[in-house]
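Chemist:
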Amino acid sequence: MNKITELFGIEYPLIQAGMVWCSGWKLAAAVSNAGGLGLIGSSSMRPDVLQEHIQKCKAATNKPFGVNITLQYPEIDKITDIIIEEGVKIVFSSAGNPKLYTPKLKEHGVTVVHVIANTKFAKKCEEAGVDAIVAEGFEAGGHNGLEETTTMALIPLIKKATNLPLIAAGGIGSGRAMLAAMALGADGVQVGTRFAMTNESSAHEAFKNRLTELVEGDTKLLLKKIGPIRMVKNKLFEQIAEAENRGAEVEELKAIKGRGKSKIGMFEGDIINGELEIGQIAAAIDTIEPAAKVVNDIINEFFIAQKELANLSFSTR
Numbered sequence: 004m005n006k007i008t009e010l011f012g013i014e015y016p017l018i019q020a021g022m023v024w025c026s027g028w029k030l031a032a033a034v035s036n037a038g039g040l041g042l043i044g045s046s047s048m049r050p051d052v053l054q055e056h057i058q059k060c061k062a063a064t065n066k067p068f069g070v071n072i073t074l075q076y077p078e079i080d081k082i083t084d085i086i087i088e089e090g091v092k093i094v095f096s097s098a099g100n101p102k103l104y105t106p107k108l109k110e111h112g113v114t115v116v117h118v119i120a121n122t123k124f125a126k127k128c129e130e131a132g133v134d135a136i137v138a139e140g141f142e143a144g145g146h147n148g149l150e151e152t153t154t155m156a157l158i159p160l161i162k163k164a165t166n167l168p169l170i171a172a173g174g175i176g177s178g179r180a181m182l183a184a185m186a187l188g189a190d191g192v193q194v195g196t197r198f199a200m201t202n203e204s205s206a207h208e209a210f211k212n213r214l215t216e217l218v219e220g221d222t223k224l225l226l227k228k229i230g231p232i233r234m235v236k237n238k239l240f241e242q243i244a245e246a247e248n249r250g251a252e253v254e255e256l257k258a259i260k261g262r263g264k265s266k267i268g269m270f271e272g273d274i275i276n277g278e279l280e281i282g283q284i285a286a287a288i289d290t291i292e293p294a295a296k297v298v299n300d301i302i303n304e305f306f307i308a309q310k311e312l313a314n315l316s317f318s319t320r
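Residue numbers for the sequence shown follow our numbering, beginning at 4 and rising by one.
(1) Write down the C-beta distance between Ser96 and Val115 rounded to the nearest angstrom, noting that I regard them as a contact closer than 8 Å.
(2) Ignore the nearest five residues each way along the sequence and tell me which others in Lys227's own chain have a CB closer than 6 Å to its CB.
(3) Could you tell me if Ser318 is buried or exposed, where buried requires 16 or more neighbouring beta carbons within 10 angstroms of its beta carbon?
(4) What's the C-alpha gap between Thr8 and Ile259?
(5) Please specify which runs of the beta strand (DSSP E), each continuous and at least 3 residues long, are wholly inside the stretch 23 to 101, giving them in chain order.
(6) What's the gap between the Cα of Asn147 and the Cα of Asn166?
(7) Along the chain, where does the beta strand (DSSP E) containing Leu182 start, and where does it finish?
(8) Beta carbon of Val298, beta carbon of Ala20: below 8 Å?
(9) Per DSSP, which one or two residues make a beta bridge with Ala172?
(10) Are the stretch 58 to 70 and the stretch 82 to 101 touching by the rule of at least three beta carbon pairs closer than 8 Å?
(11) Taking 8 Å as the cut-off, does the stretch 100 to 112 touch the stretch 132 to 145 (at least 3 CB pairs, one atom from each stretch)?
(12) Going by DSSP, name the residue or residues bridged to Ile145.
(13) State yes or no: is the C-beta of Ala143 within less than 8 Å of the C-beta of Gly191?
(14) Does Leu167 come out as helix, strand or coil in the three-state DSSP assignment?
(15) Check the Cβ-Cβ distances between Cys60 and every residue of chain D, and say whether any is below 8 Å.
(16) Could you name the residues of the same chain whose beta carbon sits closer than 7 Å to that of Pro50, not counting the 5 residues immediately before and after it, in chain order?
(17) Is it buried or exposed, Gly27, if we count other Cβ atoms within 10 angstroms and call 16 or more buried?
(18) Hey, out of Gly268, Ala199, Gly230 and Ser205, whose CA is closest to Thr215's CA?
(19) So, using beta-carbon positions, are Glu247 and Leu225 closer together than 8 Å?
(20) Roughly how far, in whole angstroms, is the beta-carbon of Gly140 from the beta-carbon of Ala172, given that I think they are within contact range, below 8 Å?
(21) Helix, strand or coil: which one does DSSP assign to Val297?
(22) With three or more C-beta pairs closer than 8 Å as the rule, is the stretch 289 to 305 touching the stretch 199 to 213?
(23) With a 10 Å radius around its C-beta and 16 neighbouring C-beta atoms as the bar for buried, classify Ser46 as buried or exposed.
(24) What does the Cβ neighbour count give for Gly261, buried or exposed, with the cut at 16 atoms within 10 Å?
(25) Among the residues of its own chain, which have a CB less than 8 Å from the CB of Pro293, if the five just before and after it don't count?
(26) Would Glu150 pass as a contact of Ala125 if the rule is Cβ separation under 8 Å?
(27) Under 8 Å Cβ to Cβ from Leu256, same chain only, skipping five residues before and after it: list those, please.
(28) Return the Cβ separation of Ile18 and Leu40 in integer angstroms, given the expectation that the two are a contact with Cβ distance under 8 Å.
(29) Rounded to the nearest angstrom, what separates Lys66 and Ala186 at their Cα positions?
(30) For the beta strand (DSSP E) containing Lys126, list its first residue and its last residue.
(31) For Val118, I'd like the list of residues in its chain whose CB is within less than 6 Å of its CB, leaving aside the five on either flank, ordered along the chain.
(32) Let me make sure I understand the geometry here. Which of Ile158, Asn237 and Phe305 has the alpha-carbon closest to that of Ile281?
(33) Alpha carbon to alpha carbon, how far is Gly263 from Ala285? Give it in angstroms, no decimals.
(34) CB-CB under 7 Å to Arg179, same chain, minus the five flanking residues each way: which ones, in chain order?
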């Protein structure tokens, strides 16, 4: 048992990210049943839809699971009320000030984790009273940090800045990467991309299949003037990149990006015109597998790599 397994009451310190359009109740329940912590991604759900997913997840697993919330979501008050009403005991929050909803959630016995990308927010998390931190590096998919700090650089920085339990995220899709993150000071890991590419992911099959074809360099961070997003290169990507390269202002970039493009691409399967958000590690994944197999493979590889390192020796002078 370590800080993360003890905090959440789970078997492995492995958390499935609450990804927009990918993380419904089926994925969350599958990961939790396999010994990790599954998260329902509420950012793409209306309050009534989230309530349905929570209820179905409770019926599908007797293991702990949580909900990921985006603090800038327009109906965040309704979302938090539903989480409390349904008795969800774990919430991961992101994209906002952790002080806004942490006190309310903790008053109702909810364990709160906040996602950050720099050391400045580590202090804010402590002040807000969160129970743990997710430190997400530049490699991650979707919305990202302006600083572009990689996971390998970020984890030691955050570890030095806070004593809160630390979960590493960004570019982690294997047991070896999990071990590396923990060697740098993380107490557990959060995995997004590899779980987005599972049978239980609610993403469209066309999106999943496109991800299996990606190679290095097929994703890139765009839209820093609005809010950085790592996207797969396609027609929409090229339109945004062209506008950025000629110095387009915020309003034009917002117009090109439009509204609902992530749903069009990731949930409805328009891989040409839609917004396709995924992490760099997708280039290393070429199969769509059950979520339970992903959990088992990551954990088994972690222990194999751990033994290999234990047997590693070299001379010292």
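Glycine included, every Cβ here is placed at the ideal spot set by N, Cα and C.
Modeler: From the atom records:
(1) 7 Å
(2) none
(3) exposed
(4) 43 Å
(5) 41 to 44, 68 to 73 and 93 to 97
(6) 23 Å
(7) First-last for Leu182: Gly178 to Ala186, but that is the alpha helix (DSSP H), not the beta strand (DSSP E).
(8) no
(9) Glu139 and Gln193
(10) yes
(11) yes
(12) Note on residue identity: the sequence assigns Gly, not Ile, to residue 145. In the DSSP output, where bridge partners are listed per residue, Gly145 has Arg233.
(13) no
(14) coil
(15) Going by chain labels, chain D is absent from the structure shown, which holds only one protein chain.
(16) Glu78, Lys81, Ile82 and Ile85
(17) buried
(18) Ala199
(19) yes
(20) 7 Å
(21) helix
(22) yes
(23) buried
(24) exposed
(25) Ala33, Thr201, Asn202 and Glu203
(26) no
(27) Leu226, Lys228, Ile229, Ile243, Ala246 and Glu247
(28) 5 Å
(29) 28 Å
(30) Taken as a continuous stretch (DSSP letters only), Lys126 belongs to no beta strand (DSSP E), being part of the alpha helix (DSSP H) at Lys123 to Ala131.
(31) Ser97, Val137 and Glu139
(32) Asn237
(33) 23 Å
(34) Glu304 and Ala308
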